[in-house]
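Residue numbers (the numbering used here): 666 to 961.
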Amino acid sequence: MRIFDPHIHMTSRTTDDYEAMYAAGVRAVVEPAFWLGQPRTSPASFRDYFDSLLGWEPFRAAQYGIAHHCTIALNPKEANDPRCLPVLDDLPRYLVKDRVVAVGEIGYDAMTPAEDTALAAQLQLAADHGLPALVHTPHRDKLAGLRRTLDVVRESALPLDRVLVDHLNETTVKEAKDSGCWLGFSVYPDTKMDEARMVAILRAYGPEQVLVNSAADWGRSDPLKTRKVADLMLAEGFTEDDVDLVLWRNPAAFYGLSGRLTLDVPATDATHEGNSILRGAPKDPSEQPGDPAAGA
């Protein structure tokens, strides 16, 4: 089984997660730019973060056999902070980078006028750069948030079929599907969707243009939720081809709209800009437990 997690925040995950994901079949990920859990205080902190998504994180992923791409944007939550708004002027220099496969996450958090402005501006950037857009629908007032999102998209230069509306659930899936957008679902341990609800939606609405992600981040989340959805799909009578469509071909098709998606894992040097994921010298196999020299 091959799995492409189209929305996961690996900056917040450990190398143990990469190992477990590879063992579960994950071979590709997209990491959207997002809020880090506390406010950024200047555009400079965004630039450092974007650089890590384009350099260090692909290097780290490749050590574990996983192809890594990212999306770049000013996220909805920080669109409300005037200190962060100048980063919009920095985005064009990042949106031309090879491993940037969409503009995102953009969209709504609290549905403020500032978020309206940032969403419209970044949809225009996506159109200008020939990129699709990953749109975050709010966690509160979801149907109102979806409708407001679709209104702004329809007014933009970006076609609806180049937009992925994410964090959908039972209240928003029908209108999202009817719009012609791609459909994204985040599967969490306690909140958002779970495996059984996800499989029920797939049965009701079909697997076409559906992307399932873990959206794993700093909080309670699970980077193996994609595999758990795949396993339940098979247990509930979906075919292996259905699973491959939802967990691999659909995300590859959507992010392939960028013209930049490369699913081969790149060869890497031993270090990235002089840094290694190793800490300390590798263990000497000749050193056995209890050998006095081992602890010297």
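The beta carbon of each residue, even a glycine, is placed where N, CA and C say it ideally should be.
Relative to G884, the option among A689, D681, G702 and M686 whose CA is nearest is G702. About 12 Å separates the CB atoms of V828 and L811; that is not less than 8 Å, and the two are not in contact. Closest in alpha carbon position to R819, among S844, N745 and R805, is S844.
In the structure shown, the three-state DSSP call for F699 is coil. For A841, the enclosing alpha helix (DSSP H) stretches over residues V838 to S844.
L799 and P671 have their alpha carbons spaced roughly 10 Å apart. A straight line joining the alpha-carbon of D681 with that of G690 spans about 14 Å. In the structure shown, V894 adopts helical secondary structure according to DSSP, grouped into three states. The shortest CA-to-CA distance from P778 to any of V911, P797, K742 and D754 is the one to K742.
Per DSSP, the continuous beta strand (DSSP E) segment holding L799 begins and ends at A798 to H801. With respect to T927, A732 sits close: the two C-beta atoms are nearer than 8 Å. Between the alpha carbons of L833 and T706 lies a gap of roughly 30 Å. Contact between the region 895-903 and the region 913-928 is absent: fewer than three C-beta pairs spanning the two stretches fall below 8 Å.
Within the same chain, Cβ atoms closer than 7 Å to the Cβ of V838 are found at L848, I866 and Y870, the five residues on either side in sequence being excluded. Here DSSP, grouped into helix, strand and coil, assigns G921 to helix. With a threshold of 16 other beta carbon atoms within 10 Å, E770 meets it and is buried.
Nearest to L753 by C-alpha distance, out of V761, A738 and D763, is A738. Per the coordinates, the alpha-carbon of S717 lies some 21 Å from the alpha-carbon of F669. The beta-bridge partner set that DSSP reports for S851 consists of N878. If you keep only unbroken beta strand (DSSP E) runs of at least 3 residues inside the region 672-756, you get 691-697 and 732-737. Burial state of T679 is exposed, judged by a 10 Å Cβ sphere holding fewer than 16 other Cβ atoms.
Within a 10 Å sphere around the beta-carbon of D882 sit 16 or more other beta-carbons, which makes this residue buried.
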